[in-house]
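Take the sequence shown: its letters are residues 4 to 207, numbered as in the numbering used here.
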Amino acid sequence: MRTAEIELWELAAPAFLHALPALLEIYTAAMDPPAEQIPGRRSIMREHARHPRFGSVVALPRGGGEAAGFAYGFHGTGGQWWHDVIITELRRRDPGAERRWFTDSFEVAELHVLPDCQGRGIGRSLLEALTAVRRERTAVLSTPTGPTAARGLYRSCGFVDVLPEFHFPGSPHRPFTIMAAPLPLPGGGPRRPAGRSRAWQWTD
4 MRTAEIELWE LAAPAFLHAL PALLEIYTAA MDPPAEQIPG RRSIMREHAR HPRFGSVVAL
64 PRGGGEAAGF AYGFHGTGGQ WWHDVIITEL RRRDPGAERR WFTDSFEVAE LHVLPDCQGR
124 GIGRSLLEAL TAVRRERTAV LSTPTGPTAA RGLYRSCGFV DVLPEFHFPG SPHRPFTIMA
184 APLPLPGGGP RRPAGRSRAW QWTD
C-alpha cells in the first residue's frame, strides 16, 4: 500500500472509542506485546481519550477497507501519569528542559502502522496530520532507545532528545528516549484548523 493509496481521517474521542477494537489490533500487530498486557492497554487508551484536547488520526485505504495505522495524542498537563513522571525527572536532571518543552505541549501518545505497511510514508503522514491541527508550542513523545525506524522518523521531523536512556517505573530493563520538537513540524505544512471528525465504519 503506497501513501497515495490511503486517506487520513480525524476522529474525535467518541469515534476513537468506537474504533478502539480495530486500533488495538494494529497496536498488537505493530508492537507484539504479551497477550496479558492487551486489557491494560485498552484501559489506558480509553482513559487517554478523556484527556483534554484529545485528537486522533487513522490511515484508511481509499475506497474502504481495514485501517493501516493510527496516531493519537492530547494536551499534556499535570495529573497525567506520563507527564508527571517526565516532569519529575526533568526537574532533577534539566529544569530548563521543562520550561522549553513542557509548558505548552502536545503529547503524541501512540503512533502505529501495520508491519506490512511500514516504510511507505504512512507513519510520517499520520504524525504530520496529527500535529498540523495543534495549537501547542511543542510536541513530546517517548520511544525505545536505539537506532529504530521510529526514532529515525521522529528525528527527521525535527524531534530532539530531551531525556536519553530514561527508565519508566516498572520497566527497569527497557530504556526509552524522551523527545520533543517545536510545532509546527518542518515539512508538515502550515497549521490548519481541525476538520469535522467522522466515525469510520470499521469492517470485520
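All C-beta atoms, glycine included, are put in the ideal place defined by N, C-alpha and C.
By the neighbour-count definition (other C-beta atoms within 10 Å, threshold 16), alanine 142 is a buried residue. Aspartate 164 carries a strand assignment under DSSP once its states are collapsed to helix, strand and coil. Taking C-beta atoms under 8 Å as the contact rule, glycine 161 and proline 178 fail to qualify, at a distance of about 22 Å. Counting other Cβ atoms within 10 Å of its Cβ, methionine 48 reaches 16 or more and is therefore classed as buried. Going by DSSP, serine 46 is part of the alpha helix (DSSP H) stretching over 41-51. Buried is the label assigned to methionine 182, since at least 16 other Cβ atoms lie within 10 Å of its Cβ. Secondary structure note for serine 59: its beta strand (DSSP E) is the uninterrupted segment 58-64. Bridge partners of methionine 182 according to DSSP: Leu144 and Asp164. The beta carbons of tyrosine 75 and glutamate 50 sit no closer together than 8 Å.
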